[in-house]
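First up is the structure itself, then whatever we jot down about it.
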Amino acid sequence: MNKGKFSEIFTQLAVLINSMGYECIGSEFINSDGIKILRVYLDVQGGVDVSDCEKVSRGIAEYLDSVDSLLPEKYYLEVSSPGLERPLFTPEDYQKFVGREIEITLKGNKTIIGLISSVFIAVSVTLSCKEETREIMFTDIVKGKLLYQNEYGEKKTFKKISPKKKKK
Numbered sequence: 275m276n277k278g279k280f281s282e283i284f285t286q287l288a289v290l291i292n293s294m295g296y297e298c299i300g301s302e303f304i305n306s307d308g309i310k311i312l313r314v315y316l317d318v319q320g321g322v323d324v325s326d327c328e329k330v331s332r333g334i335a336e337y338l339d340s341v342d343s344l345l346p347e348k349y350y351l352e353v354s355s356p357g358l359e360r361p362l363f364t365p366e367d368y369q370k371f372v373g374r375e376i377e378i379t380l381k382g383n384k385t386i387i388g389l390i391s392s393v394f395i396a397v398s399v400t401l402s403c404k405e406e407t408r409e410i411m412f413t414d415i416v417k418g419k420l421l422y423q424n425e426y427g428e429k430k431t432f433k434k435i436s437p438k439k440k441k442k
């Protein structure tokens with residue numbers, strides 16, 4: 275949850291992305307196997323496709339060039355949709371998904387999975403975990419994400435094609 279010294283950059287990125295007609299879900303600077311990555315998540319009604327990511331990437335490049343002295347010397351820019359296991363960045367994100375199953379990583383690398391039962395904005399989130407309820411302070415959360423829930427319904431079946439029709 276702590277964005278550290280990049281918070282002003284993230285705030286400006288969100289403003290810029292919102293002005294382009296997209297919702298900025300969040301941004302993060304990560305180090306993956308020694309590679310620095312600036313990851314930006316966006317959403318739009320109807321979903322995000324590759325052309326949306328390209329458009330936003332080109333749109334924010336000029337801004338990023340203007341703040342390059344604050345950024346690492348070399349980094350990769352990734353612009354993408356939040357995906358099925360959408361990351362949660364703000365207390366408002368947690369509030370939006372009350373009733374959904376999430377995974378939270380706490381300081382010390384402890385992971386908790388549970389349903390969001392309530393959110394006390396800017397203070398804590400309450401999770402229903404197995405047979406207990408846990409209140410977790412936002413200051414203790416390193417990262418959180420929704421968990422994909424497979425929708426069970428009718429079984430998909432395929433119509434068999436008779437051998438006679440295959441030969442045509």
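The numbering used here applies: residue 275 is where the sequence shown begins, and numbers increase by one.
Glycine included, C-beta positions come from ideal geometry on N, C-alpha and C.
Remember, predicted model here, so these are calculated numbers, not experimental data.
Three-state class that DSSP yields for Pro-356 in the structure shown: coil
Please state whether DSSP places Thr-364 in a helix, a strand or coil. coil
Taking only three categories from DSSP, how would you classify Ile-309? strand
Cβ neighbours of Ile-283 in the same chain (closer than 7 Å, five flanking residues each side left out): Val-341, Leu-344
Tell me where the alpha helix (DSSP H) around Ile-283 begins and ends. 281-293
Which same chain residues end up closer than 7 Å to Tyr-365 when comparing Cβ atoms and leaving out the 5 residues on each side of it in sequence? According to the sequence provided, residue 365 is Pro. The question's Tyr does not apply to it. The answer, listed in chain order, is Val-393, Ile-395, Ala-396, Phe-412.
With three or more beta-carbon pairs closer than 8 Å as the criterion, would you say the stretch 371-391 touches the stretch 348-356? no
Could you spell out where the alpha helix (DSSP H) holding Gly-333 opens and where it closes? 324-340
Burial state of Tyr-422, where buried means 16 or more other Cβ atoms lie within 10 Å: exposed
Short of 6 Å in beta carbon distance, which residues of its chain neighbour Lys-277, apart from the five on each side in sequence? Order them along the chain. With a pLDDT of 49 at Lys-277, under the threshold of 50, the predicted position of this residue should be treated as unreliable, though the coordinate-derived value follows. Phe-284.
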